[in-house]
Ligand SMILES: Nc1ncnc2c1ncn2[C@@H]1O[C@H](COP(=O)(O)OP(=O)(O)OP(=O)(O)O)[C@@H](O)[C@H]1O
Ligand SMILES: [Mg+2]
């Protein structure tokens, strides 16, 4: 897609980068003049996807793992991609089911994808076991009816 | 993340300052659980006046403490949640299991009346 503006951020798969990533995405979206609620939606969705990449994609040993955050703006819509080269998801439909988690012992609630789908206009997941996962989301800014 | 814990009888008041995500929730959980055992805590009250952001890691944290407290017939309560946190409480079903209060005094009074 030919965007009006775009950015790419590659970061270590470390939990301290979760806040960094969501703040970057929110700052990038600022040119669309989002409401406070829209900014919160973007931050939360990015936080969910980046956290998933770190804890599920790379699991306990994120030694050389990297997470990539790509954002693009076209007209009044922000497009966001979160990419990891971790273990991948074999059953995407199951993974996206509300309350499904493969890590209940870590106090995960299985709400990550549900939150992304609620807060963004579209969420698409591409994944291949042992190759990695791409989460693509978009949100039109300025639908002030929400 | 800075967090203050206050003990009031068998109730622990947890006041986190900053975002609650996967990174910060791990230490927060350890701090709460250690103190809860030491002080024989029955109820937990989260004061979210200083929490602007919380994602699903916070849901897991609250549900986990809810399970611990309800095992002893105690309750888990939350006060001062922002509009964006409220949406997380709504879609996750958290609002059905925790007691939501507008402010700290109201929350403390209600817990002590039980
Ligand atoms: N990037 C990823 N790589 C591998 N597996 C993933 C990835 N993202 C999600 N998953 C799988 O999908 C499941 C559901 O993800 P979701 O974010 O909805 O819930 P969760 O992370 O388990 O819990 P929560 O997000 O509520 O803390 C995860 O438990 C995991 O098995
Ligand atoms: Mg998740």
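Residue numbers (my numbering), protein chains in the order written: chain A, 1189 to 1334; chain B, -11 to 102. Positions of the beta carbon are idealized from the N, C-alpha and C atoms, including for glycine. These numbers come from a predicted model, not from an experiment.
Point to revise | Residues bridged to residue 65 (chain B) [DSSP beta-bridge criterion] | key: B:33, B:87
Exercise for review: Please work out which residues of its chain come closer than 6 Å, Cβ to Cβ, to residue 1214 (chain A), disregarding the five sequence neighbours upstream and downstream, and give them in chain order.
Suggested key: 1227, 1230, 1231
**Study point:** Sufficient close CB pairs (3 or more, under 8 Å) joining the stretch 1266 to 1285 of chain A to the stretch 10 to 20 of chain B
**Key:** no
**Study point:** is_contact[residue 49 (chain B), chain C] using C-beta, thresh 8 Å
**Key:** In the structure shown, chain C does not exist; the protein chains are A and B.
Point to revise | Endpoints, the alpha helix (DSSP H) within which residue 93 (chain B) is located | key: 92 to 101
Check your understanding: Any residues in the stretch -2 to 19 of chain B with a beta carbon nearer than 7 Å to a beta carbon of chain A? Which ones, in chain order?
Key -> 7, 9, 10, 11
Review point. Which partner residues does residue 1175 (chain A) have in the DSSP bridge list?
Key: An answer regarding residue 1175 (chain A) cannot be provided, because it is not within the stretch 1189 to 1334 covered by chain A.
**Study point:** Identity of the residue in B:65, B:91, B:76 nearest residue 102 (chain B) by Cα
**Key:** B:65
Point to revise | Option nearest residue 1302 (chain A) by Cα separation, candidates A:1289, A:1294, A:1293, A:1314 | key: A:1289
Review point. Does the beta carbon of residue 1283 (chain A) fall short of 7 Å from some heavy atom of ligand 1?
Key: yes
**Study point:** Closest residue to residue 47 (chain B) among B:38, B:59, B:34 (Cα-Cα distance)
**Key:** B:34
Review point. Of all the residues that make up the stretch 35 to 47 of chain B, which are near chain A by a beta-carbon distance shorter than 9 Å?
Key: 40, 41, 42, 43, 44, 45, 47
Review point. For residue 118 (chain B), does the three-state DSSP call read helix, strand or coil?
Key: Since the first and last residues shown for chain B are -11 and 102, residue 118 (chain B) lies out of range.
Point to revise | residue 1313 (chain A) versus residue 1286 (chain A) - alpha carbon distance | key: 15 Å
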